[in-house]
Amino acid sequence: MDPAIRPHLADLRPFEQAAVHINSALAHIGLGDPERGRAELVLARAVAATHRLPLQETKATHNLAWLDYLDGDLPRALVGLRAAHVLGSPDDSRVAIDLAQVLAEAGLIDEAEATLTAALTALGRRRSAIDRGDILIDLAQCELVRGDLTAARRHARSAALGPAVQDRRGRQVEAGLIVDLIDVIRGRHSTRGTFPVPAAGDALGQLALRVRVEQALVDGDPFLAARLVRGVEPRSGGLGPKLHTILLRARVADAQGEPLQAERMMREGARLLAGARAASGSLSLRAAMSVHARRLADYDLERVQDRSPTRLFTAAERWRAGSMRRPVEIVEDPEFSALVGRLRRVRAGGPHTSTADDPSLLPRLEAEVARRSWEALRADTDGDVIAGHRAVAAELARTGTILMSFHVRRRRLQRVDLTSDGARLRDLGSVRSALDLAARAAADVRDLGAMGSIPGIGERVRAGTRASVERLDRVLLAGMPRGRAFAIVPTQALLSAPWRMLPGLAGAGVIVSPSATMWLQRSRAGPGVEDPVIALIGGPGLGQAARELDVARRVWRRAAHPVRLRRTGRSDHVTTSLRDADLVHICAHGRHDGQAPLMSSLLLADGPFLAHELPSRPRASHVVLAACAVGQAEVGVGDEPLGFAAAMLARGVASVVAPTAPVDDALAEEVMVAYHRELAAGESASTALQRATADRLDAGVFCLYGGDWRMR
Numbered sequence: 001m002d003p004a005i006r007p008h009l010a011d012l013r014p015f016e017q018a019a020v021h022i023n024s025a026l027a028h029i030g031l032g033d034p035e036r037g038r039a040e041l042v043l044a045r046a047v048a049a050t051h052r053l054p055l056q057e058t059k060a061t062h063n064l065a066w067l068d069y070l071d072g073d074l075p076r077a078l079v080g081l082r083a084a085h086v087l088g089s090p091d092d093s094r095v096a097i098d099l100a101q102v103l104a105e106a107g108l109i110d111e112a113e114a115t116l117t118a119a120l121t122a123l124g125r126r127r128s129a130i131d132r133g134d135i136l137i138d139l140a141q142c143e144l145v146r147g148d149l150t151a152a153r154r155h156a157r158s159a160a161l162g163p164a165v166q167d168r169r170g171r172q173v174e175a176g177l178i179v180d181l182i183d184v185i186r187g188r189h190s191t192r193g194t195f196p197v198p199a200a201g202d203a204l205g206q207l208a209l210r211v212r213v214e215q216a217l218v219d220g221d222p223f224l225a226a227r228l229v230r231g232v233e234p235r236s237g238g239l240g241p242k243l244h245t246i247l248l249r250a251r252v253a254d255a256q257g258e259p260l261q262a263e264r265m266m267r268e269g270a271r272l273l274a275g276a277r278a279a280s281g282s283l284s285l286r287a288a289m290s291v292h293a294r295r296l297a298d299y300d301l302e303r304v305q306d307r308s309p310t311r312l313f314t315a316a317e318r319w320r321a322g323s324m325r326r327p328v329e330i331v332e333d334p335e336f337s338a339l340v341g342r343l344r345r346v347r348a349g350g351p352h353t354s355t356a357d358d359p360s361l362l363p364r365l366e367a368e369v370a371r372r373s374w375e376a377l378r379a380d381t382d383g384d385v386i387a388g389h390r391a392v393a394a395e396l397a398r399t400g401t402i403l404m405s406f407h408v409r410r411r412r413l414q415r416v417d418l419t420s421d422g423a424r425l426r427d428l429g430s431v432r433s434a435l436d437l438a439a440r441a442a443a444d445v446r447d448l449g450a451m452g453s454i455p456g457i458g459e460r461v462r463a464g465t466r467a468s469v470e471r472l473d474r475v476l477l478a479g480m481p482r483g484r485a486f487a488i489v490p491t492q493a494l495l496s497a498p499w500r501m502l503p504g505l506a507g508a509g510v511i512v513s514p515s516a517t518m519w520l521q522r523s524r525a526g527p528g529v530e531d532p533v534i535a536l537i538g539g540p541g542l543g544q545a546a547r548e549l550d551v552a553r554r555v556w557r558r559a560a561h562p563v564r565l566r567r568t569g570r571s572d573h574v575t576t577s578l579r580d581a582d583l584v585h586i587c588a589h590g591r592h593d594g595q596a597p598l599m600s601s602l603l604l605a606d607g608p609f610l611a612h613e614l615p616s617r618p619r620a621s622h623v624v625l626a627a628c629a630v631g632q633a634e635v636g637v638g639d640e641p642l643g644f645a646a647a648m649l650a651r652g653v654a655s656v657v658a659p660t661a662p663v664d665d666a667l668a669e670e671v672m673v674a675y676h677r678e679l680a681a682g683e684s685a686s687t688a689l690q691r692a693t694a695d696r697l698d699a700g701v702f703c704l705y706g707g708d709w710r711m712r
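Read in order, the letters of the sequence shown correspond to residues 1 to 712 in full-length UniProt numbering.
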């Protein structure tokens with residue numbers, strides 16, 4: 001701020017003071033001093049908030065959030081832009097457009113599109129053609145990231161030919177370049193010449209240069225591509241442009257016969273993605289970021305020769321479930337806890353929480369919980385180490401385990417079998433056919449849990465389920481090696497398949513893990529837990545819960561271990577137990593939410609306990625969820641698993657037992673009692689679960705996720 005103005009600030013009216021601070025901030029930012037600009041914006045926001053000036057407060061908050069975005073702090077930028085969006089007028093499309101841009105940069109494509117669509121609807125009242133063109137371009141970018149090239153091209157073409165965009169050369173060029181890029185990705189010649197091409201000095205020029213590199217590669221001219229790619233700035237733009245640049249450099253290196261350089265690019269891309277994830281403690285935000293790496297991950301697998309199964313394993317593992325490779329640490333947020341508590345009361349239908357007069361209350365609260373979770377900030381910066389095949393092979397030899405790693409390559413489902421003796425690749429056929437079989441089997445398993453005990457119907461359902469899992473077995477386990485212990489690393493779309501029902505795995509100890517890295521970390525964790533503290537928690541509405549918990553308590557007390565029993569458990573009991581016990585068993589009704597997986601819940605005495613509420617880095621190393629279907633996981637954009645059991649693993653629980661489908665209450669009691677007897681006798685979790693479910697098809701819904709566990 002001009003020193004001559006500052007002494008006279010007190011003479012100005014509040015809205016004038018705020019305006020002076022905002023204008024001063026923009027001047028400092030324009031002159032390359034963002035920190036002084038930030039300080040002025042903080043003052044402007046304080047003046048506006050004190051004097052209830054929503055327009056000025058919105059502007060200051062908006063600009064502060066944009067500075068956070070430019071600094072690369074996506075979680076903090078989301079906090080600020082969401083606040084500005086709430087403060088601003090419903091017709092203020094600029095805040096919505098910027099919020100959508102940051103959401104898209106974070107990989108939250110559904111939320112970005114919803115924000116843009118709402119802004120487009122609001123524009124219908126004002127007919128602002130300029131903002132309409134901007135929104136269409138941003139929608140095209142969202143669809144491009146999602147992989148819907150047809151929709152992306154339609155939006156971009158509409159924007160490029162619209163009168164408002166044609167009057168703004170930069171936006172017209174951007175829209176045209178998106179059309180060009182899509183055509184090149186499809187292997188066609190771009191429409192260069194239809195739209196002007198800028199110089200390579202700014203973000204738009206960098207996009208144009210990347211499109212030209214893509215075109216040179218499609219044309220089979222690696223020398224031109226190599227010359228052009230040298231002009232692409234490797235650190236410019238957000239996560240998407242950076243990963244696109246890395247992809248181009250890798251493709252050029254391969255085209256010029258430099259596979260080692262291409263491999264270095266793959267590793268750099270994986271590190272860049274891991275670093276972006278590390279900035280957030282939100283599971284959904286971390287998972288969504290993987291969407292930007294989809295083309296890079298696909299290319300990583302495509303470039304590996306079939307004769308090298310270990311390289312295929314490494315390439316698949318590099319991108320697999322990256323959001324879950326290290327535990328999430330978040331800063332505790334009392335406001336978020338209060339919001340979740342309100343949502344719990346509404347879901348439970350307690351006093352003064354009826355949605356009869358306001359049907360939108362529940363979805364509004366759920367959306368707010370999801371949005372607030374994006375804002376979670378990490379409190380640590382642990383390294384991100386990917387397991388190599390040699391380290392995995394050594395651990396397989398030590399534990400006598402066989403690891404089967406699945407991946408999709410060129411629309412084929414493939415499996416790499418890793419043993420202590422080496423690796424072998426199996427092609428399993430069309431991925432679409434395999435997923436269809438898995439979906440059919442999962443549906444039959446759900447029917448078995450719901451109707452398997454009904455006289456006259458149960459046997460038919462059982463026969464149908466057995467037939468469907470046998471068909472799935474013939475595809476997924478074709479040519480499998482023989483063994484007594486298996487670690488299965490599926491594609492994320494197969495994570496919730498009924499693995500322990502497959503005949504080929506009968507009698508074997510089975511662990512299902514989102515990544516080989518996670519399995520290796522859990523397996524190396526140590527020889528077991530000494531003198532474990534046991535926590536047993538029951539929920540309402542389960543007649544057998546009291547018996548199940550009482551028997552489990554007697555089993556562990558006979559083994560001389562301390563046991564804490566909560567027959568009528570509350571949410572705070574779960575949180576406390578996860579923080580100060582070693583083994584936590586929760587017997588409660590479960591609900592898997594396929595639309596919002598982190599809204600999956602366990603029903604407790606004070607209402608549903610959401611996956612969003614799980615504490616960071618719990619002490620509990622083994623959690624048993626005797627609750628229907630909470631082992632299921634949905635796969636969002638980026639091929640990352642989300643759900644209750646997956647959230648447990650991501651928070652740092654080493655080992656989780658959970659069912660993948662509804663399970664009969666009496667069967668659950670029988671299996672869980674037998675399971676605890678085996679554990680208390682010193683067996684590993686994988687062996688205990690195998691023995692507790694032996695010769696019972698429907699008991700195979702219980703699955704062990706993450707890694708093995710035992711006491712010592």
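No residue lacks a Cβ here, since even glycine has one placed at the ideal position from N, Cα and C.
Among the bridge pairs identified by DSSP, residue 509 is matched with 485. The shortest C-alpha to C-alpha distance from residue 221 to any of 506, 251 and 80 is the one to 251. Between residue 209 and residue 173, the beta carbon gap of about 13 Å keeps them out of contact (Cβ cut-off 8 Å).
Secondary structure at residue 133: helix, using DSSP grouped into helix, strand and coil.
Residue 562 sits in coil when the DSSP states are folded into three classes, being neither helix nor strand.
Under the three-state reduction of DSSP output, residue 501 falls in the helix class. Inclusion of residue 535 and residue 564 in the CB contact set at 8 Å is warranted, their separation being smaller than that value.
For residue 645, the enclosing alpha helix (DSSP H) stretches over residues 644 to 651.
The Cβ atoms of residue 153 and residue 182 lie closer than 8 Å to each other. When the beta-carbon positions are compared, residue 212 and residue 228 come within less than 8 Å of each other.
Membership of residue 522 in the alpha helix (DSSP H) is indicated by the continuous run 516 to 523. For residue 455, the three-state secondary structure derived from DSSP is coil.
A direct Cα-Cα distance of roughly 7 Å separates residue 663 from residue 450.
By the 16-neighbour rule on beta-carbons within 10 angstroms, residue 562 is exposed.
By the criterion of a C-beta distance shorter than 6 Å, residue 159 is surrounded in its chain by 133, 136, 137, 165 and 175, once the five residues flanking it on both sides are discounted. Per DSSP, residue 419 is one residue of the beta strand (DSSP E) stretching across 412 to 419. Distance from residue 574 to residue 604 at the Cβ level is roughly 7 Å; contact confirmed, criterion being Cβ atoms closer than 8 Å. Non-local C-beta neighbours of residue 666 in its own chain, meaning closer than 7 Å and more than five positions away in sequence, comprise 544, ordered along the chain.
Per DSSP, the continuous alpha helix (DSSP H) segment holding residue 241 begins and ends at 239 to 255. Burial is judged here by how many other beta carbons sit within 10 angstroms of a residue's own beta carbon; residue 21 has at least 16 and is buried. Scanning 409, 219 and 275 for the CA closest to the CA of residue 312 turns up 409. Residue environment for residue 16: exposed (fewer than 16 other C-beta atoms within 10 angstroms of its C-beta).
Here the region 684 to 702 makes no contact with the region 574 to 589; the two share fewer than three CB pairs at distances below 8 Å. Note on residue 302: under 16 other CB atoms within 10 angstroms of its CB, so exposed under the neighbour-count rule. Taking the Cα positions, residue 12 is about 27 Å away from residue 80. The C-alpha of residue 405 is placed about 15 Å away from the C-alpha of residue 434. Ranking 468, 103, 548 and 617 by CA distance to the CA of residue 649 puts 617 first. Between residue 35 and residue 45, the CB-CB gap reaches or exceeds 8 Å. If you look at residue 607, you'll find it in the beta strand (DSSP E) that goes 607 to 610. Shown here for residue 88: same chain residues with a beta carbon closer than 7 Å to its own, the five before and five after excluded, namely 58 and 95 in chain order. Per DSSP, reduced to three states, the secondary structure at residue 178 is helical.
In this structure, the straight-line span from the alpha carbon of residue 645 to that of residue 74 is close to 26 Å.
Judged by pairs of C-beta atoms under 8 Å, the region 650 to 658 does not touch the region 489 to 496, as fewer than three such pairs exist. Three or more beta-carbon pairs separated by less than 8 Å are not found between the region 667 to 686 and the region 499 to 507, which leaves the two stretches without contact. Taken atom to atom, the span from the alpha-carbon of residue 590 to that of residue 440 is near 22 Å. The residues 100, 103, 104 and 142, in chain order, have a CB closer than 7 Å to that of residue 112 in the same chain once the five nearest residues on each side in sequence are set aside.
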